[in-house]
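Per UniProt numbering, the sequence shown starts with residue 1, numbered consecutively.
Using N, Cα and C, we set each Cβ at its ideal position, and we do this for glycine too.
Input: a single structure, listed below in structure tokens.
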Amino acid sequence: MEHSEVTGRRFFAVTLLNIIITIAEFFGGIISGSLGLLSDAVHNLEDSLSIVISYVANLIGRKSTDSAKTFGYKRAEILAAFVNSSILIVITILMIIESIRRFRTPQHINGTLMMVVSLIGLIANFISMAALWGGSKDNLNIKATFLHMLSDTLSSVGVVIASIFVTLFQWYWVDPFITIVIAVWLLKEAFDVVKETINILMEASPDIDLNEVKKAVLTVPDVVGIHHIHDWMIDENYIIFDAHINVTKNCNMDELEKIYSQIEKILKDQFNVSHVTLQAECTRGLKEPLIF
């Protein structure tokens, strides 16, 4: 419960900071004539929405299992991560297109005001990014939101650097150039999250070597084969595994219980499997492949 409340406060604080940044950059962009600040303001406005989506998904994902969702609601966060990362991909592509356009038609900018507002945005974005850093390591939903904050922070860094060159040398092309560099890197990061969420939603197998699984399972006494393996993920941390195992004919129910327990321990300790379902057989399927 305490972790949930801390997460809620952090999400709220990050949302509030983004709204403040959006207002500051919107008016700063209009007054200074900086299209970069205006673009950043729109970006931050969208990020505020993405944070709300992420937080709501985080709350839904904490719900307990029930008869309607026997595996729980964890995939709400995977869906949110997919949506937020997809939106970020679209935004970065638009940033690249807009930057190319600004190469062709540079405009006069008040570099000093641009620098002041971008520094405010940089500080606030850095605080927001730091607030989500811990949770982003093992949660795709928070990672997707963290990437939004990281994109804002890098964008603010780019605007600060650009404002220095604009103020000192009137090099207006630096702003779109830095924007393109940042956008390309963010595109790669967001694509990785989208790819991982799609794999989970498609119930793709986790990164487990099934041949190594077979070797480990066959070390259990009285187990002579394993086949019909299915493994998939509910979220990035919860792996489900089911399989048919072949045992020697003289196994009784008590011995089967011990075999099941040993295999479950091996799968959890060595392969980080969360939920195991096994079906014991004698000779049926003994010569069938691991995956059927």
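8 Å contact criterion, which residue i and residue j should meet: CB distance rounded
i      : j      : result
Val117 : Ala24  : 6 Å
Leu140 : Glu236 : 5 Å
Thr92  : Leu186 : 5 Å
Leu37  : Gly29  : 3 Å
Ser50  : Thr145 : 6 Å
Phe26  : Ala13  : Between Ala13 and Phe26 the Cβ distance is about 21 Å, and since that is not below 8 Å, they are no contact.
Phe103 : Pro176 : 5 Å
Gly33  : Ile109 : 5 Å
Asp269 : Cys251 : Between Cys251 and Asp269 the Cβ distance is about 23 Å, and since that is not below 8 Å, they are no contact.
C-beta atoms of residue i and residue j nearer than 8 Å
i      : j      : result
Gly111 : Ser163 : yes
Val276 : Leu267 : yes
Ser274 : Ile245 : no
Lys143 : Val217 : no
Trp232 : Ala204 : yes
Ser48  : Thr15  : yes
Ile53  : Ala76  : no
Ile234 : Ala243 : no
Met114 : Val166 : yes
Ile21  : Asn125 : yes
Thr248 : Val220 : no
Lys214 : Ile200 : no
Arg10  : Leu94  : no
Leu88  : Leu147 : yes
Asn44  : Asp152 : yes
Ile263 : Leu286 : no
Alpha helix (DSSP H) segment containing residue i, residue limits
i      : result
Asp254 : 253-271
Ala68  : Ala68 -> no alpha helix (DSSP H), and no H or E assigned at all.
Pro176 : 174-201
Gly111 : 111-133
Thr219 : Neither: Thr219 is in no alpha helix (DSSP H) and is coded neither H nor E.
Leu290 : Element bounds for Leu290: n/a, residue is neither H nor E.
Thr105 : Segment: none, Thr105 is in no alpha helix (DSSP H) and carries neither H nor E.
Identified DSSP bridge partners for residue i
i      : result
Gln279 : His244
Gly225 : Asn246
Trp232 : Ile240
Start-to-end residues for the beta strand (DSSP E) that takes in residue i
i      : result
Ile164 : Per DSSP, Ile164 belongs to no beta strand (DSSP E); it is in the alpha helix (DSSP H), 140-169.
- Message: Between the segment 207-218 and the segment 72-83, can you find at least three pairs of beta-carbon atoms closer than 8 Å?
- Response: no
- Task: Report yes or no: do the segment 247-260 and the segment 88-104 share at least 3 C-beta pairs separated by less than 8 Å?
- Result: no
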